[in-house]
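Numbering (our numbering), first residue to last: 238 to 347. Quick notes on the structure that follows.
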Amino acid sequence: MNKPTDSDHLPRAGGLPDTETAPPKVDRPSLYRVVLINDDYTPMEFVVQMLQKLFGYGREKATRIMLEVHMKGRGVCGIFSFEIAETRAAQVLEYARRYEHPLACVVERA
Ligand code: TYC
């Protein structure tokens with residue numbers, strides 16, 4: 238409960254209580270992008286299957302993301318809280334290295 242103030246007897250904006258008009262005081266968690274980087278060697282099909290397996294995307298969405306990376310040099314494959322983004326990026330690198338592909342990805346503040 239807030240401390241009583243001198244203006245407590247006056248009508249509030251729109252007649253709404255303070256809890257409805259004041260901005261929320263909790264910080265929203267920061268978000269981070271997992272960004273895939275293009276290279277000339279990793280097979281397209283491997284990238285599509287990786288996106289399906291590690292990010293749970295259907296084949297269409299996975300293909301769209303892979304093609305965006307292939308054509309533009311980079312592409313966002315997901316936006317998450319910091320811990321999830323770091324974990325997913327590490328999983329991408331681990332999966333790629335296991336199959337000896339040079340696939341790269343980075344985490345950026347969204
Ligand atoms: N450019 C690769 C090729 O032509 C395909 C590719 C797409 C590689 C996305 C990496 O993150 C990547 N085989």
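All C-beta atoms, glycine included, are put in the ideal place defined by N, C-alpha and C. Just so you know, these numbers come straight off a predicted model, no measurement behind them.
Scanning its chain for C-beta atoms nearer than 7 Å, with the 5 sequence neighbours on each side dropped, one finds around Y332 the residues M287, L291, in chain order. Collapsing the DSSP output to three states places Y294 in coil.
Classified as buried, I302 has 16 or more neighbouring CB atoms from the shown chains inside 10 Å of its CB.
Contact between L273 and F317 does not hold, since their C-beta atoms are separated by about 14 Å, which reaches or exceeds 8 Å.
From the listed residues R335, D276, Y336, the smallest Cα separation to G312 is found for D276. Following the DSSP letters along the chain, one finds E323 inside the alpha helix (DSSP H) bounded by residues 319 to 335. Assignment of beta-bridge partners to C342 by DSSP yields L273. With a cutoff of 8 Å on beta-carbon distance, H338 and T279 are scored as near each other.
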